[in-house]
Amino acid sequence: QQQVKQSPQSLIVQKGGISIINCAYENTAFDYFPWYQQFPGKGPALLIAIRPDVSEKKEGRFTISFNKSAKQFSLHIMDSQPGDSATYFCAASPNSGGSNYKLTFGKGTLLTVNP
Amino acid sequence: EAQVTQNPRYLITVTGKKLTVTCSQNMNHEYMSWYRQDPGLGLRQIYYSMNVEVTDKGDVPEGYKVSRKEKRNFPLILESPSPNQTSLYFCASRSLFSVPRTAEQYFGPGTRLTVT
């Protein structure tokens, strides 16, 4: 059972364009939604994260939009740059109650930004 | 520098030969976890630990063991590796009691394991 569905699998955008990656989750116990960025040969690194009490969070060119009723969240990369070319993973986890703080990951999106 | 380290980074071994992948963090984190990454499957949790001597299974624990004798170390043990354990492995850690509270998990650089 895949609890976090991510789309698209791959995405090609031109420099300066907007990259949009979408995720949907099923488990209502999730209350922490991070996005990770992974470059080849490196471990995932936290890019930006959101909790369900807000509908949007922006950090520089990166914005998370969150729709709690639809159980969906998305990553928007404005003014995409070739250096943003990487694999992006959405994830979700519970963040309270003494439970396993396991991150449940989407399958990833390979973003290529052409110069 | 705050970091999670893993060793070795690359390993090629044969079926049945026991191996250990080490993981160490210098951030005094209580929670540590192992994930494996496979093409098209994302990252899946193998085992996790909430603190010293407290470990539990994740989603794909078959064929793996872990131990947590010290807070900073969380080795992953494959007692009889098989080809289906060929994968990219990541160790991660997070604080459970930091102030201000943060849920960020820090990942190591990965260990690419090939079992022939």
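Protein sequences appear in the order of chains A and B.
Just so you know, we're using the working numbering here: the first sequence kicks off at 1 and counts up by one.
Just so you know, we're using the working numbering here: the second sequence kicks off at 1001 and counts up by one.
Using N, Cα and C, we set each Cβ at its ideal position, and we do this for glycine too.
Note that the structure is a prediction, hence the values are computed from the model and not measured.
field: C-alpha gap between Pro1008 (chain B) and Lys107 (chain A), whole angstroms
entry: Sequence index remark: in the second sequence, residue 1008 (chain B) carries index 8 (1-based). Sequence index remark: in the first sequence, residue 107 (chain A) carries index 107 (1-based). Here the alpha carbons of Lys107 (chain A) and Pro1008 (chain B) stand approximately 25 Å from one another.
query: Are the Cβ atoms of Gln6 (chain A) and Ile21 (chain A) separated by less than 9 Å?
result: As a first step, residue 6 (chain A) is located in the first sequence; it is residue number 6 there, counting from the start. As a first step, residue 21 (chain A) is located in the first sequence; it is residue number 21 there, counting from the start. Here Gln6 (chain A) is near Ile21 (chain A), since their CB atoms are less than 9 Å apart.
- prompt: Going by other Cβ atoms of all chains shown within 10 Å of its Cβ, with 16 needed for buried, is Leu1076 (chain B) buried or exposed?
  reply: Here residue 1076 (chain B) refers to the residue found at position 76 of the second sequence. Buried, by the Cβ-count rule.
task: Could you say if the region 1021-1032 of chain B and the region 1063-1083 of chain B meet the contact criterion of at least three C-beta pairs nearer than 8 Å?
output: Cβ pair count under 8 Å is three or more, so yes.
query: What span of residues does the beta strand (DSSP E) with Ile18 (chain A) cover, start to end?
result: Here residue 18 (chain A) corresponds to residue number 18 of the first sequence, with the count starting at 1. Ile18 (chain A) -> no beta strand (DSSP E), and no H or E assigned at all.
- prompt: Does the beta-carbon of Ile1012 (chain B) have 16 or more other beta-carbons within 10 angstroms, so that it is buried, or is it exposed?
  reply: For the purposes of this step, residue 1012 (chain B) is identified with residue 12 of the second sequence, where counting begins at 1. Exposed is the call here.
query: Which partner residues does Glu59 (chain A) have in the DSSP bridge list?
result: On the first sequence, residue 59 (chain A) is found 59 positions in, with the first residue counted as 1. BP columns for Glu59 (chain A) point to A:Phe62.
CA-to-CA distance, Arg51 (chain A) to Lys15 (chain A), given in whole angstroms: One-based indexing of the first sequence puts residue 15 (chain A) at position 15. One-based indexing of the first sequence puts residue 51 (chain A) at position 51. Roughly 30 Å between the two C-alpha positions.
message: Any beta carbon of chain A sitting closer than 9 Å to that of Gln1085 (chain B)?
response: On the second sequence, position 85 is the one that residue 1085 (chain B) refers to. It does not: the Cβ of Gln1085 (chain B) has no partner Cβ on chain A nearer than 9 Å.
task: Starting from the Cα of Gly83 (chain A), find the closest Cα among A:Gln9, A:Val13, A:Pro8 and give me that residue.
output: To locate residue 83 (chain A), count along the first sequence from 1; it is residue 83. Scanning A:Gln9, A:Val13, A:Pro8 for the CA closest to the CA of Gly83 (chain A) turns up A:Val13.
- prompt: Using 9 Å as the limit for Cβ to Cβ distance, is Leu1041 (chain B) near chain A?
  reply: In the second sequence, residue 1041 (chain B) corresponds to position 41, counting from 1. Taking CB atoms only, Leu1041 (chain B) has a neighbour in chain A less than 9 Å away.
- prompt: Closer than 9 Å, CB to CB, is Pro1000 (chain B) near chain A or not?
  reply: One cannot answer for residue 1000 (chain B) here, as it falls past the ends of chain B, which runs 1001 to 1116.
task: Would you identify the three-state DSSP class for Gln1037 (chain B), choosing helix, strand or coil?
output: Counting from one through the second sequence, the residue named residue 1037 (chain B) turns up at place 37. Here Gln1037 (chain B) carries a strand assignment [DSSP, helix/strand/coil].
task: Since I believe Phe1090 (chain B) is in contact with Leu1043 (chain B) (beta carbons under 8 Å), could you give me their beta-carbon distance rounded to a whole number of angstroms?
output: For the purposes of this step, residue 1043 (chain B) is taken as the residue at position 43 of the second sequence. For the purposes of this step, residue 1090 (chain B) is taken as the residue at position 90 of the second sequence. About 7 Å; that satisfies the 8 Å criterion.
- prompt: For Asp1056 (chain B), which of helix, strand or coil comes out of DSSP?
  reply: One-based indexing of the second sequence puts residue 1056 (chain B) at position 56. Looking at Asp1056 (chain B) - three-state DSSP - the assignment turns out to be strand.
- request: Could you work out which residues of chain A lie near Phe1090 (chain B), taking near to mean beta carbons separated by less than 9 Å?
  value: Along the second sequence, read from residue 1 onward, the residue named residue 1090 (chain B) stands at position 90. The answer, in chain order, is Gly43, Pro44.
N-terminal and C-terminal residue of the beta strand (DSSP E) that Lys5 (chain A) is part of: Position 5 of the first sequence holds residue 5 (chain A). It spans 4-7 - the beta strand (DSSP E) in which Lys5 (chain A) sits, taken as one unbroken run.
message: Which residue wins for smallest C-alpha separation from Val1004 (chain B), given the options B:Tyr1010, B:Asn1028, B:Thr1015, B:Lys1017?
response: For the purposes of this step, residue 1004 (chain B) is taken as the residue at position 4 of the second sequence. Comparing Cα-Cα distances from Val1004 (chain B) to each of B:Tyr1010, B:Asn1028, B:Thr1015, B:Lys1017, the minimum goes to B:Asn1028.
message: Given this structure, state the Cα-to-Cα distance separating Ala29 (chain A) from Asp53 (chain A), to the nearest angstrom.
response: Reading the first sequence from its first residue, position 29 is the one you call residue 29 (chain A). Reading the first sequence from its first residue, position 53 is the one you call residue 53 (chain A). Distance between the alpha carbons of Ala29 (chain A) and Asp53 (chain A): 14 Å.
task: Starting from Met1050 (chain B), follow the beta strand (DSSP E) in both directions and report where the run begins and ends.
output: Residue mapping note: residue 1050 (chain B) aligns to position 50 of the second sequence, counting from 1. It spans 1042-1051 - the beta strand (DSSP E) in which Met1050 (chain B) sits, taken as one unbroken run.
task: Report all residues from its chain with a CB closer than 7 Å to the CB of Leu46 (chain A); omit the five preceding and five following residues, and keep chain order.
output: Position 46 of the first sequence holds residue 46 (chain A). Excluding positions up to five away in sequence, the list reads Pro34, Tyr36.
- prompt: Hey, Ser1087 (chain B) and Gln1037 (chain B): beta-carbon distance below 9 Å or not?
  reply: Residue numbering aside, residue 1087 (chain B) sits at position 87 when the second sequence is read from its first letter. Residue numbering aside, residue 1037 (chain B) sits at position 37 when the second sequence is read from its first letter. Closer than 9 Å, so yes.
field: According to DSSP, residues forming a beta bridge with Ala70 (chain A)
entry: Working through the first sequence from its first residue, we reach residue 70 (chain A) at position 70. For Ala70 (chain A), which the question treats as bridged, DSSP gives no partner whatsoever.
message: Closer than 9 Å between beta carbons: that is the criterion. Which residues of the region 1048-1066 of chain B meet it against chain A?
response: Answer set for the region 1048-1066 of chain B: Tyr1048, Met1050, Asp1056, Gly1058, Asp1059.
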